[in-house]
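Using our numbering, the letters of the sequence shown map in sequence onto residues 1352 to 1483. Yeah, the Cβ is synthetic: ideal placement off N, Cα and C, and Gly gets one too. All figures in this text were calculated on a predicted structure; none of them were measured in a lab.
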Amino acid sequence: MSSSTNAAVNSRKKPVAWEKDGVEPHNKSSMAVLIEWFTTSGNYNSWRGSKNSPAASKKVLVGKIATKLAEAGITSRKEQDILSKISSILNDYSKAADWLSDTGNGVRAEKTNEGADPEDTERYIRGMLLSS
C-alpha cells in the first residue's frame, strides 16, 4: 500500500454510534434528537403522509432534523446518513409488526392496515430511545 493510500485510510473518521455521540452541554445523542423530532406532534405524520395529506419532502424534513442535530452540537451526521438511519428504523419496525401479526399458521391475523399505525410507530421509536 502506498503512503498516500495509507494516509487516506488513516484520515477517515471512525464511525460513532448514534446512541453515543452526545456533545456537551446537551449530551443528547443523535438517536435521542431523532426520536425527539419524530415524537413531536405532527412530525411523524408529515414524514409518512396520509390519504388526505401527502408526505412532505424527505429532503426538507431531513434538513430540519440536521438542524436539530446541529443545535445539539452534533455536526458529524450527513443528510444521507440521517435518511438511512430513519429508513433502517422504519424497516425494522415494519419487520417486527409483520412478525407480530403472523398467526404461526402462515396466515396473517385479522387486523390489517395500510402501513404502520402512527401510534404504534411512535411507541416503537420511544422504545428505541429508552433502550439506548
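Helix, strand or coil at residue i [DSSP, three-state]
i: Asp1443; result: helix
i: Asp1372; result: coil
i: Ser1435; result: helix
i: Val1367; result: coil
i: Gly1414; result: helix
i: Lys1493; result: The structure shown has nothing for residue 1493, since the chain only spans 1352 to 1483.
i: Gly1478; result: helix
i: Asn1394; result: helix
i: Lys1402; result: coil
Length of the line joining the Cα atoms of residue i and residue j
i: Thr1448; j: Val1411; result: For the sequence presented, residue 1448 should be read as Ala rather than Thr. Spanning the two alpha carbons is a distance of roughly 28 Å.
i: Lys1446; j: Phe1389; result: 19 Å
i: Thr1418; j: Arg1428; result: 10 Å
i: Pro1405; j: Asn1394; result: 13 Å
i: Ser1489; j: Ala1407; result: Here the chain covers residues 1352 to 1483 and nothing more, so residue 1489 does not appear.
i: Gly1478; j: Ala1423; result: 21 Å
i: Ser1452; j: Ser1392; result: 27 Å
i: Tyr1475; j: Gln1431; result: 23 Å
i: Pro1366; j: Ser1381; result: 13 Å
i: Asp1443; j: Ile1425; result: 25 Å
i: Trp1369; j: Gly1400; result: 26 Å
i: Gly1414; j: Lys1379; result: 18 Å
Buried versus exposed call for residue i [16 or more other C-beta atoms within 10 Å across all chains shown]
i: Val1384; result: buried
i: Asp1372; result: buried
i: Trp1450; result: exposed
i: Thr1472; result: buried
i: Lys1364; result: exposed
i: Lys1402; result: exposed
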